[in-house]
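Asker:
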Amino acid sequence: MRYDVIIVGAGAMGSAAAMHLAARGRRVIAFDRFDVPNDQGSSHGLTRIIRIAYYEHPSYVPLLVRAAELWAELERRSGERLFVRTGSIDASAPGDPVFEGSRRSCEMHGLRHEVLTSAELARRFPAYHLPPDHVAVLQPDGGFLIPEIAVAAHARVAVADGASIRAGERVLSWEERGDGVEVTTERGTYIADQLVLSAGSWMADFVPGLATLFEPERQVVAWFEIGDSSKFAPGCFPVFNLTVEEGRYYGFPEWGTPGFKVGRYHHLGERVHPDSVDRDVHDADIDVLHAFARRYFPEGAGRALRSSVCLFTNTPDEHFIIDRLPDHERVHVVSACSGHGFKFASVVGETVADLVTDGESRFELSLFSIGRFLGHKGRV
Ligand SMILES: Cc1cc2nc3c(=O)[nH]c(=O)nc-3n(C[C@H](O)[C@H](O)[C@H](O)COP(=O)(O)OP(=O)(O)OC[C@H]3O[C@@H](n4cnc5c(N)ncnc54)[C@H](O)[C@@H]3O)c2cc1C
Numbered sequence: 029m030r031y032d033v034i035i036v037g038a039g040a041m042g043s044a045a046a047m048h049l050a051a052r053g054r055r056v057i058a059f060d061r062f063d064v065p066n067d068q069g070s071s072h073g074l075t076r077i078i079r080i081a082y083y084e085h086p087s088y089v090p091l092l093v094r095a096a097e098l099w100a101e102l103e104r105r106s107g108e109r110l111f112v113r114t115g116s117i118d119a120s121a122p123g124d125p126v127f128e129g130s131r132r133s134c135e136m137h138g139l140r141h142e143v144l145t146s147a148e149l150a151r152r153f154p155a156y157h158l159p160p161d162h163v164a165v166l167q168p169d170g171g172f173l174i175p176e177i178a179v180a181a182h183a184r185v186a187v188a189d190g191a192s193i194r195a196g197e198r199v200l201s202w203e204e205r206g207d208g209v210e211v212t213t214e215r216g217t218y219i220a221d222q223l224v225l226s227a228g229s230w231m232a233d234f235v236p237g238l239a240t241l242f243e244p245e246r247q248v249v250a251w252f253e254i255g256d257s258s259k260f261a262p263g264c265f266p267v268f269n270l271t272v273e274e275g276r277y278y279g280f281p282e283w284g285t286p287g288f289k290v291g292r293y294h295h296l297g298e299r300v301h302p303d304s305v306d307r308d309v310h311d312a313d314i315d316v317l318h319a320f321a322r323r324y325f326p327e328g329a330g331r332a333l334r335s336s337v338c339l340f341t342n343t344p345d346e347h348f349i350i351d352r353l354p355d356h357e358r359v360h361v362v363s364a365c366s367g368h369g370f371k372f373a374s375v376v377g378e379t380v381a382d383l384v385t386d387g388e389s390r391f392e393l394s395l396f397s398i399g400r401f402l403g404h405k406g407r408v
């Protein structure tokens, strides 16, 4: 059977793309080398922050507004709870990009928000003990998504609409041939009109000429025992992004498993290959997170109850890549990570379906072009 679209990697982005393509009546098949969902890539660990205020770049905001609508639609369609609203905090010293960028994105896009001093923050949310000079943007629409359930929900609805999801079937290679793309897996050969590459941390395997644009990095998150659970409940603990002198950290209220979950962006700075990454957690991994919790969230800094290794896939400027592969009109490269992509999976899925079926998107995507790294602007 010939397919309209083959998807390589049915993680956060691939499962969403499969769902949106199937909903439009496309014959779509998505392969994943592991289970769907799995804990080998970038989309596991019980919670992912979604925030509409966006210090990384204000032009993400329209995508985020649509992403939130689509997550709500997926909740209705799948019958699963995928989103918990807590509000989001972006805090740092004045002048740091986290606070300034977040406030700017709210002002530019008319998002409701409050600016709080460190003392005001502690009065409202007593688990927070930030340095006295810190300031925070509180945006009430943020919260967290439940990633494993979200990936499964996209895949399940995709299958209900006719997509084929092949878990446990590794893709070995692809080749553009005349009027289509041929994909070889460890079990067979498949042909489609178009190919979507959404292999997360394994992306370089499929676009070796662009390997330097996709740098996998080892991450560790940990859950620490909480002294007073009432201060870490979703109703009184907004998710946060926070720059302190030790680095940039993120954290969540207690949810799904006991403990206060915290992670540090770029953790210990370990560039890795996903097939050989150290998936054990060591004292040095925990120590850096524990020291942060002890200093800024002391009531959530008991012993480590749980931890998890996960992978970022970083681009050089930490913005996504969503584009056609140069010189391969039928091949779409979809890498939305650099540690902040999960919240976009719903809208990335819809965008990929737009690009595959109509050749264009209603969103401005030049921020995500491959061309920005090739010495010229715009989509290639
Ligand atoms: C610790 C951590 C915390 C994060 N926190 C946040 C957050 O709070 N908010 C947020 O928005 N984002 C966050 N992110 C980023 C977010 O999780 C990622 O952007 C997102 O999961 C990337 O999805 P993906 O589809 O690109 O990758 P994945 O979901 O990993 O999917 C890629 C899939 O490709 C498959 N694959 C690879 N090679 C092959 C092959 N040869 N054949 C078939 N299949 C293959 C893999 O098995 C995998 O399932 C975080 C990431 C990490 C690691």
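Basically this note's numbering = 1-based index in the sequence shown + 28.
Note that CB positions come from ideal geometry on N, CA and C, so glycine has one too.
Only a predicted model underlies this, so the values are computations on that prediction, with no experimental measurement involved.
#1: What separation, rounded to the nearest whole angstrom, lies between the Cα atoms of Ser-70 and His-162?
#2: With respect to 7 Å, is the separation between the Cβ of Phe-325 and the closest non-hydrogen atom of ligand 1 below this value?
#3: Among Glu-392, Ala-46, Ala-188, Gly-39, which residue has its Cα nearest to the Cα of Tyr-31?
#4: Are Leu-223 and Val-235 closer than 8 Å when you measure CB to CB?
#5: Are Val-277 and Phe-320 closer than 8 Å when you measure CB to CB?
#6: Helix, strand or coil, according to DSSP, for Val-224 in the structure here?
#7: Quick one: what's got a C-beta closer than 6 Å to Arg-194's C-beta in the same chain, skipping five residues either side?
#8: Taking the alpha-carbon positions, what's the Asp-345 to Ser-363 distance?
#9: Distance, Cα to Cα, His-157 vs Ala-147?
#10: Where do the ends of the beta strand (DSSP E) carrying Phe-111 lie?
#11: What span of residues does the alpha helix (DSSP H) with Ile-57 cover, start to end?
#12: Could you please give me the residues that DSSP links to Thr-343 through a beta bridge?
#13: Go through the stretch 130-159 residue by residue and report every complete run of the alpha helix (DSSP H) that reaches 4 residues or more, in order.
#14: Could you pull out every unbroken beta strand (DSSP E) segment of at least 3 residues lying fully inside the stretch 280-361, listed in chain order?
#15: Would you mind giving the Cβ-Cβ distance between Thr-379 and Ile-398, rounded to the nearest angstrom? I have them listed as a contact below 8 Å.
#16: Just reading off the beta strand (DSSP E) that Ser-116 is part of, what are its end residues?
#17: According to DSSP, is Gly-406 helix, strand or coil?
#18: Helix, strand or coil for Val-380? Go by DSSP, reduced to three states.
#19: Sort Ile-174, Thr-217, Glu-273 by Cα distance to Leu-74 and report the nearest one.
#20: Straight-line CA distance for Ser-87 to Ala-186?
#21: Does the distance between the C-beta of Leu-339 and the nearest non-hydrogen atom of ligand 1 fall short of 7 Å?
#22: Start and end of the alpha helix (DSSP H) containing Ile-177?
#23: Could you have a look at Asp-169 and say whether DSSP puts it in helix, strand or coil?
#24: Measure the beta-carbon distance from His-318 to Val-248 and round it to whole angstroms, keeping in mind my assumption that it falls under 8 Å.
#25: Let's see if you can read the secondary structure: which residues bound the beta strand (DSSP E) around Val-235?
#26: Using a Cβ distance threshold of 8 Å, determine whether the stretch 126-137 contacts the stretch 78-96, with at least three qualifying pairs required.
#27: Sorted by chain position, which residues of the same chain lie with C-beta nearer than 6 Å to Ala-188's C-beta, five sequence neighbours on each side aside?
#28: Do the CB positions of Phe-127 and Ile-78 come within less than 8 Å of each other?
#29: Does the stretch 374-389 come close enough to the stretch 244-264 to have 3 or more Cβ pairs within less than 8 Å?
#30: How is Gly-369 classed by DSSP in three states: helix, strand or coil?
#31: Could you compute how far the alpha carbon of Ala-183 sits from the alpha carbon of Arg-109?
#32: In or out: Asp-63 buried (at least 16 other Cβ within 10 Å) or exposed?
#33: Report back the beta-carbon spacing between Ala-155 and Phe-265 to the nearest angstrom; my notes put them in contact at under 8 Å.
#34: Grouping DSSP H, G and I as helix and E and B as strand, with all else coil, what is Ile-398?
#35: Should Val-267 be labelled buried (16 or more other beta-carbon atoms within 10 Å of its own) or exposed?
#36: Return helix, strand or coil for Gly-275, following the three-state DSSP convention.
Answerer: The relevant details are as follows:
#1: Between Ser-70 and His-162, the alpha-carbon positions lie close to 31 Å from each other.
#2: With a threshold of 7 Å, the Cβ atom of Phe-325 does not count as near ligand 1, since no heavy atom of the ligand is closer than that.
#3: Ala-46
#4: No, they are not a contact pair.
#5: The question names Val, yet the displayed sequence has Tyr at residue 277. Yes; because the gap between Cβ atoms is below 8 Å, this pair is in contact.
#6: The answer is strand: DSSP assigns Val-224 an E or B state.
#7: Phe-59
#8: If you take the alpha carbons of Asp-345 and Ser-363, they lie about 13 Å apart.
#9: Using only the alpha carbons, I get a separation of about 8 Å.
#10: 111-113
#11: Ile-57 -> not in any alpha helix (DSSP H); beta strand (DSSP E) instead, spanning 56-60.
#12: In the DSSP output, where bridge partners are listed per residue, Thr-343 has none listed.
#13: 146-152
#14: 288-292, 332-342, 349-353
#15: The beta-carbon distance between Thr-379 and Ile-398, rounded to whole angstroms, is 15 Å. This is too long to meet the 8 Å contact definition.
#16: 116-120
#17: Residue placement at Gly-406 is poorly supported in this model, since its pLDDT is 41, which falls under 50; the coordinates are not used for a value here.
#18: helix
#19: Ile-174
#20: 29 Å
#21: yes
#22: Where Ile-177 is concerned, the enclosing alpha helix (DSSP H) stretches over 175-188.
#23: Of the three classes helix, strand and coil, the one that applies to Asp-169 here is coil, per DSSP.
#24: With a Cβ gap of about 11 Å, His-318 and Val-248 do not count as contacting.
#25: Here Val-235 belongs to no beta strand (DSSP E), and DSSP marks it neither H nor E.
#26: yes
#27: none
#28: no
#29: no
#30: coil
#31: 15 Å
#32: exposed
#33: Indeed, because the Cβ distance is near 6 Å, the residues count as touching under 8 Å.
#34: It is coil, neither helix nor strand.
#35: buried
#36: strand
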